[in-house]
Each structure stands twice: as C-alpha cells, then as structure tokens.
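A short write-up of the structure that comes next.
2 protein chains.
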Amino acid sequence: MSEPIPLNLVRLRRSCAECSLQQLCLPAGVDGADMGRLDTVVQRRRPLARGDSLFRLGDPLRAVYVASEGSFKTVVVNASGEEHVLGFHLPGELFGLDAIGSGQHRCEAVALTDASVCELPFSQLSSIASQLPSLQQQLLRVIGQSADRDHDHVDLLSRRQASERIALFVHGLSARYRRIGRPADDFQLPMSRDEIARYLGLVLETVSRGFSRLHDEGVIEVRGRRVRILDEEALEVAASGCGDDQNPQPRRRDRA
Amino acid sequence: MSEPIPLNLVRLRRSCAECSLQQLCLPAGVDGADMGRLDTVVQRRRPLARGDSLFRLGDPLRAVYVASEGSFKTVVVNASGEEHVLGFHLPGELFGLDAIGSGQHRCEAVALTDASVCELPFSQLSSIASQLPSLQQQLLRVIGQSADRDHDHVDLLSRRQASERIALFVHGLSARYRRIGRPADDFQLPMSRDEIARYLGLVLETVSRGFSRLHDEGVIEVRGRRVRILDEEALEVAASGCGDDQNPQPRRRDRA
DNA sequence: CGTCGGTTTGACTGCAATCAAGGAAAGTGG
DNA sequence: CCACTTTCCTTGATTGCAGTCAAACCGACG
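If you're matching them up, the sequences are chains A and B in order. Positions 1 to 256 (UniProt numbering) are the ones given, in order, by the first sequence. Positions 1 to 256 (UniProt numbering) are the ones given, in order, by the second sequence.
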C-alpha cells in the first residue's frame, strides 16, 4: 500500500490513445488532436487490492474514475447499519459522478477485485471540456449513460418478483459485458451473492435460490460465480415476468 | 384546452431574472450579465392540462424542462404493461435529462396538475454553456442534483419495510417543498396513492394503510391528499426503520 | 488435514399482495 | 341544487412470496 510499484510504471504511462477501452470510455468521439489534451489530465493510479476504497462517503469531489482493469461497487450504509449497493462498475464505465451535485461523495467505492483505475481530476476535466466542445458533449453523454444505469437499477428494484429482478440482473450484466467486448454468455461474476442481494433489495438466500432455479430450468448454468447463459430468450422472458412457472401466459414459442 | 390563453401571455414572457424560482433553477450562480444570454434560449410553453404529456418514450432529446407551476411525473411502462413511476418533479426541479445518454427519452413525462413549463432547447443550452463557464458549471451541478434524486429513489426502493418507504417518501417530499420555499409541514400531494405506490414499488392499498398508520400514531395528519406533519422527529424515526412498534431497538440516542 | 468464507438448501413465519367491499370526494348533467 | 357517475381512497379477510433461522455443503488455502 505504501511503496511505489516501479514495474508497472510503463503500463501506467500508456495514454488514452493506446488504451483498449478507448472506444467505450471518455475519449470516444474526441478526435486525435484533442486526445492529447485529454491525456494530460488523466492520471493513472497504481493498482488497488480487492476491498480497497477509492473514495468514501463525504470525500470532496476530486475526480471521476474509470476502471481500466477490475470492477468496483459503490455502496452506502444506512442508519440501521445495513449496506446497500448502489451500483457495479465494470471496466470502461465512468463512476464517481455522485459527487457532482453536492460536491461531496454520497457513497463509497470499493474494489471488488484487484483493480487499476484512471482518475480524471474533475476541475481540470471540466475546464478542458469548456474549451473542447467535442469533449464537453462526450462528457455529458457519459454522465447521461451513468444516469441510465441508475434508471436500470430503479427498474430492477421496482420489479415485484425476486425471480424477475435476478433474471434481469443477469441479462443486464451480460449486455454490459458485450458492450465492453467480453463474452456476454460466459463470464465470472465479480461480486458475491450477498452483494447482488444488497443491490437487488433482496437477501442472499433469495438470490441463491433464484440462480438455482434458473439453472434447474436450463436457462443458465451457474457454478459459484461462473455464469453461462444457455438460453438468452428464456432469460429475457424470465426477466419480463411472463416466465413464471405457474403463470402459463400462453407464450406460443416453446423455447427451444 | 385547445385554444390559446391570451391572458397569460404577459406572465409567460417574464424572464429568468424575474422568476420566483430563480434561486433554485438553472440560473442560480449565473451572474446578471450572463443571465441575458440564458434568457434567450428559454422558451415558455403555454400551460399543460393535468394528464398531458410533455415528452414520450423514444422522443428525441430536444430540450430539458423546469416546471414553473405545477408538478410532473416521469413514468415507464414495462413489458408486462405495468406503469412504474421514475420520479416526481416539483417546480424548479430540472427534468428530462434522461435523454442525455442515448439522445432519446427513456420515459414519458406527464403533468400531475395543470402546469406550465420552461423549456431549454438542449443544443442551444450546451453551446451557450460552452461559452459561459459559470453556466456550464451550474448545468453540471443541476444534472448532479437530478442524479441525487435518482439515488434517493434507489434508497427508498431498497428499504425492506413498506412503512419505512412511505415515511421516507413523505419526509423527502417535505424537504423538497422546503427547498422551493413552500410550507414543509403542510402541503397537498399532487399525486394519487396509486402513483405513490408505483413510485415506491408497492400497491396502492399498502400505501393507504401506511398513511393511515402514520396518522393513527400521531406522526402526520392525512385527509385525502392533504398532509400535515405533526411530529417531524417521529417521522424521521419511522423512516429510518427503528420506529416499528414491535421493534423497540434501544437506540442509544447520542449520535450527535 | 482442518478451517473458513461463501453458497446452497430446507423449514417456518410474517409482511405485503391480492381479492373484495364500502365510503368519500369531485365532476356531470338534469 | 340534487341525483348520478366516476374516481380515488380506505378498510377487512385471505394467501403467497420472500425473509428468517438453521444446517449442510463446497472450494480455497494454509
């Protein structure tokens, strides 16, 4: 935690222009000439270990972040001492925007796995953005996408049936893996059942049962944190709430 | 409803500088000289009747909105045909930002009461913002505040007990009324029990029972849509989940 | 080998959804 | 102004789903 890690300096120093996440991340849509300007504000931090905090509740807004490797969760602890998970953040997804409104972070960001992040000091970012219209536009878009993920979360939490929330969660995660160029039908969950439960407003046992049921129905294959999607269409049906056993809802379509 | 309302034209034409919402709305923090620039892009629409839509799902991003009078809800209809309420929007609160991410509105905005709105064409707004740093900063802040409301919503939906969600909802609404300079302990709900339920992820009967219970406990006084807060502290306790009758939970009570 | 965190599964219970009925308020037309 | 309709709200009785409690299982790791 306290000593520099010289071996990684070379990797850390590579620029946005060379980053594999370029198309997904903030630079997308910013042309080559302007990219250099952006590069000057991006700081790369040395890797974080699983469980490390990137920022905490009440921290002043210093920067926004993108994981270049690894994943994060953002959490709040409510008055009763329960931890709620506000979001999961995969590589290439901007996070830390929660401090923009008030100037202070309203949640804590924790590395789910060993991770490394790009840090974009907010004041520099917004002053550069005001000079580069393409970056300003892209910044707004990325903020909007982050809000979209929040809306997806609300959508999840509004579902009545636990099985719907779980199916929708898996489906949404799959879509996000596809977006960042990873296999969308075979992946490793970076988070525990308990963390999923706290994200979905359920308890861990219910999440576990939900996974088991999708497994038994042949929709997905689950073994621990390894998930394989066997029948995407069935997963969508389950997510839309029409797929509950005892609720025949005569969908013609005898699912493969 | 279909004919113009000439009598109101004068009111409609007043500028941001004269608006009572000025301190709450986008112009806050924008100095006098720049305010004129902002004024040039603000369009005032004629009043909407209760039930009218301001924008619909899939509409392209044209503008963002602030109700100058009246309130709105934003809703989505899911695959099963159920309506979910994503948010309620009081006067002075910017909304319509949901289209920033994708360029298309992801929900529908409906007037809860007769209302009138200020419309800020987005392309003009963002191009002016790029010339006025103070406006750019304020725009980001307002977007951030909107995200904060979304997080509050997530927080609500994550609460296990229906009574907690309801108490927290009333408390949050009270705080928002205070923010816009209206009585925070005596107000008229602009939305129905059913709409509250669809916002909280409950059914309307449960919401009704929750209100009745808070009434019986002397925390609030409810008669239809009229709400008076009698014991704010008790409301906060109920909202934090420690106030459930059978759950004494000896809170030390020194948490200063 | 044993421990340990995380996961699965089972049995039971409680809370909120559902089903159902009645009441109150607001709008409509005579 | 009153009867009527319509909409919204409240309350009661019952049921089902997910939370709780408890135990067993599993893979990782020392």
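The C-beta atom is built at its ideal place from N, Cα and C for all residues, glycine as well. Note that the coordinates shown come from a computational prediction; the quantities given were computed from them, not determined experimentally.
What in chain A is Cβ-close to Ala109(B), meaning under 9 Å?
In chain order: nothing, as chain A lies at least about 14 Å away.
Please go through the same chain and pick out, in chain order, the residues whose beta-carbon is closer than 6 Å to the beta-carbon of Gln43(A), but skip the five residues on each side of it.
Around Gln43(A): Glu119.
Need the endpoints of the beta strand (DSSP E) that Arg228(A) sits in, please.
226-229 is the span of the beta strand (DSSP E), which, as asked, contains Arg228(A).
Comparing alpha-carbon positions, which option in Ala28(B), Thr40(B), Asp31(B), Ser130(B) lies nearest Ser15(B)?
Nearest of Ala28(B), Thr40(B), Asp31(B), Ser130(B) to Ser15(B), Cα basis: Thr40(B).
Contact between the region 54-63 of chain A and the region 175-195 of chain A (3+ Cβ pairs under 8 Å)
In short, these stretches do not touch, since the Cβ pair count stays below three.
So, is the C-beta of Leu204(B) closer than 7 Å to a C-beta in chain A?
Judged by the 7 Å Cβ criterion, Leu204(B) is not in contact with chain A.
Simplified DSSP state of Asp186(A), which is helix, strand or coil
Three-state result, Asp186(A): strand.
Does the pairing of the region 104-122 of chain B with the region 107-124 of chain A give three or more beta-carbon distances under 8 Å?
Between the region 104-122 of chain B and the region 107-124 of chain A there are fewer than three inter-stretch CB-CB distances shorter than 8 Å, so the stretches are not counted as touching.
Near Val76(B), which residues of its chain fall below 8 Å by C-beta distance, leaving aside the five closest residues on each side in sequence?
Only Leu57, Glu83, His84, Leu86, Arg106, Cys107, Glu108 meet the Cβ criterion.
What do you get for residue 257(A), buried or exposed, if any count of 16 or more other CB atoms within 10 angstroms of its CB means buried?
Given a span of 1 to 256 for chain A in the structure shown, any question on residue 257(A) remains unanswerable.
Under the three-state DSSP convention, the category Thr206(A) falls into
DSSP, reduced to helix, strand and coil, places Thr206(A) within a helical segment of the structure shown.
Residue range of the beta strand (DSSP E) that Leu54(A) falls in?
That run of the beta strand (DSSP E) goes 53-55.
How about Leu156(A) and Leu168(A): are their beta carbons less than 7 Å apart?
The answer is yes: Cβ separation under 7 Å.
Limits of the alpha helix (DSSP H) - the one that Ser174(B) falls within
For Ser174(B), the enclosing alpha helix (DSSP H) begins and ends at 162-179.
For chain A, check one thing: does any of its Cβ atoms lie closer than 7 Å to the Cβ of Ile100(B)?
Yes, its Cβ sits closer than 7 Å to a Cβ of chain A.
CA-CA distance, Val66(A) and Leu21(B)?
Straight-line Cα distance between these residues: approximately 36 Å.
Can you tell which of Gly96(B), Arg223(B), Gly101(B), His89(B) has its C-alpha closest to the C-alpha of Leu94(A)?
Of the listed residues, the one whose Cα sits closest to Leu94(A) is Gly101(B).
Can you tell me which of Ile143(A), Gln131(A), Ser126(A), Pro60(A) puts its alpha carbon nearest to the alpha carbon of Leu97(A)?
Distances from the CA of Leu97(A) to each of Ile143(A), Gln131(A), Ser126(A), Pro60(A) were compared; the closest alpha carbon is that of Ile143(A).
Closest to Ala239(A) by CA distance: which of Gly210(A), Gln188(A), Gly32(A) is it?
Of the residues Gly210(A), Gln188(A), Gly32(A), the one whose Cα lies closest to the Cα of Ala239(A) is Gly210(A).
Are the region 121-141 of chain A and the region 130-143 of chain B touching, with three or more C-beta to C-beta distances below 8 Å?
When Cβ pairs closer than 8 Å are counted between the two stretches, the region 121-141 of chain A is seen to touch the region 130-143 of chain B, the count reaching three or more.
Against chain A, does Ala175(B) count as a neighbour if the rule is that its beta carbon must be under 7 Å from one of theirs?
Among the residues facing chain A, Ala175(B) is not included, as its CB has no counterpart in that chain under 7 Å away.
4 or more residues per run - each alpha helix (DSSP H) lying fully within the UniProt domain "Cyclic nucleotide-binding" (26-110) of chain A
Entirely contained in the UniProt domain "Cyclic nucleotide-binding" (26-110) of chain A, the alpha helix (DSSP H) runs reaching 4 residues are, in chain order, 32-41.
Proximity to Ala234(B) [Cα-Cα], best of His171(B), Tyr199(B), Asp31(B):
Relative to the Cα of Ala234(B), the nearest Cα in the group His171(B), Tyr199(B), Asp31(B) belongs to His171(B).
Taking 7 Å as the CB-CB limit, is Asp254(B) close to chain A?
Residue placement at Asp254(B) cannot be trusted, given a pLDDT of 40 that sits under 50; the coordinates are not used to answer.
Where Glu217(A) falls: helix, strand or coil (DSSP)
Glu217(A) falls in the coil class under three-state DSSP.
What does the alpha-carbon distance come out to for the pair Arg37(A) and Pro27(A)?
Arg37(A) and Pro27(A) have their C-alpha atoms roughly 11 Å apart.
Output the distance between the C-alpha atoms of Gly103(A) and Met191(B), rounded to the nearest integer angstrom.
One C-alpha to the other measures close to 31 Å.
Among Ala17(A), Ala63(A), Asp52(A), nearest to Gly70(A) - alpha-carbon criterion
For Gly70(A), the closest of Ala17(A), Ala63(A), Asp52(A) by C-alpha to C-alpha distance is Asp52(A).
Determine, for His105(A), whether the minimum Cβ-Cβ distance to residues of chain B falls below 7 Å.
Not closer than 7 Å to any Cβ of chain B, the Cβ of His105(A) fails to qualify, so no.
Classify Glu164(B): buried if its beta carbon has 16 or more other beta carbons within 10 angstroms, exposed otherwise.
So Glu164(B) ends up on the buried side.
Any beta carbon from chain B within less than 7 Å of Leu26(A)'s own beta carbon?
No, Leu26(A) lies away from the interface with chain B (no Cβ there is under 7 Å from its Cβ).
Measure the Cβ-Cβ separation of Val30(B) and Ser134(B) and say whether it is below 7 Å.
Val30(B) is a Cβ neighbour of Ser134(B), given a cutoff of 7 Å.
Using CA atoms only, rank isn't needed, just tell me which of Asn78(B), Gly81(B), Arg62(B) is closest to Ala99(B).
In this structure, Arg62(B) is the residue among Asn78(B), Gly81(B), Arg62(B) with its C-alpha nearest to the C-alpha of Ala99(B).
Going by other Cβ atoms of all chains shown within 10 Å of its Cβ, with 16 needed for buried, is Gly92(A) buried or exposed?
Around the CB of Gly92(A), 16 or more other CB atoms lie within 10 Å, so the residue is classed as buried.
Under DSSP, the alpha helix (DSSP H) around Glu236(B) begins and ends at which residues?
Element bounds for Glu236(B): 232-239.
Check whether the Cβ of Val154(B) lies closer than 7 Å to any Cβ atom in chain A.
Under the Cβ criterion of 7 Å, Val154(B) is counted among the residues facing chain A.
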